[in-house]
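In our numbering, the protein residues as written are 153 to 266.
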């Protein structure tokens with residue numbers, strides 16, 4: 153009986169840890185997708201980049217679309233893409249903590265060296 157309780161407790165702790173790490177992993181993955189879009193934007197228009205971002209979000213299963221992102225591009229082809237959103241740490245449908253995230257990536261156009 154005591155070992156069954158210990159196993160259940162360990163499983164619950166593992167589920168809680170995974171639930172706590174998930175929003176931060178999603179933020180990291182979103183940052184990588186935004187960085188790829190910023191690199192894409194150095195050679196393409198902002199409208200094309202919004203379509204590119206929408207496609208990336210569909211592929212990764214996120215609920216964002218291109219218009220949710222703030223995209224700035226200057227005359228030197230320096231691109232800054234950012235988004236602010238909320239995520240939560242939950243445990244079996246119970247929201248334990250709401251997190252406010254802002255992801256911002258800035259990329260400068262790289263000219264060919266040769």
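The C-beta atom is built at its ideal place from N, Cα and C for all residues, glycine as well.
What you are looking at is a predicted structure, and each value in this text was computed from that prediction instead of being measured.
Give me the DSSP bridge partner(s) of residue 233.
DSSP, once it has assigned bridges, lists 223 and 257 as partnering residue 233.
Can you tell me which residues form a DSSP beta bridge with residue 246?
For residue 246, the beta-bridge partners assigned by DSSP are 243.
Alpha-carbon to alpha-carbon, residue 197 and residue 255
If I take the Cα positions, the gap works out to 21 Å.
Of all the alpha helix (DSSP H) runs that stay within the bounds of the region 168-198, which reach a length of 4 or more residues?
With a minimum length of 4 residues, no continuous alpha helix (DSSP H) run stays inside the region 168-198.
What's the gap between the Cα of residue 174 and the Cα of residue 201?
Rounded to whole angstroms, residue 174 to residue 201 spans 27 Å at the Cα level.
Check whether the region 243-253 and the region 199-217 are in contact - that is, three or more C-beta pairs closer than 8 Å.
Touching, no, given that fewer than three Cβ pairs across the two stretches are closer than 8 Å.
Beta carbon of residue 238, beta carbon of residue 252: below 8 Å?
One thing to note: residue 238 has its Cβ within 8 Å of the Cβ of residue 252.
Spell out the partners DSSP gives residue 238 in its beta bridges.
Bridge partners of residue 238: 252.
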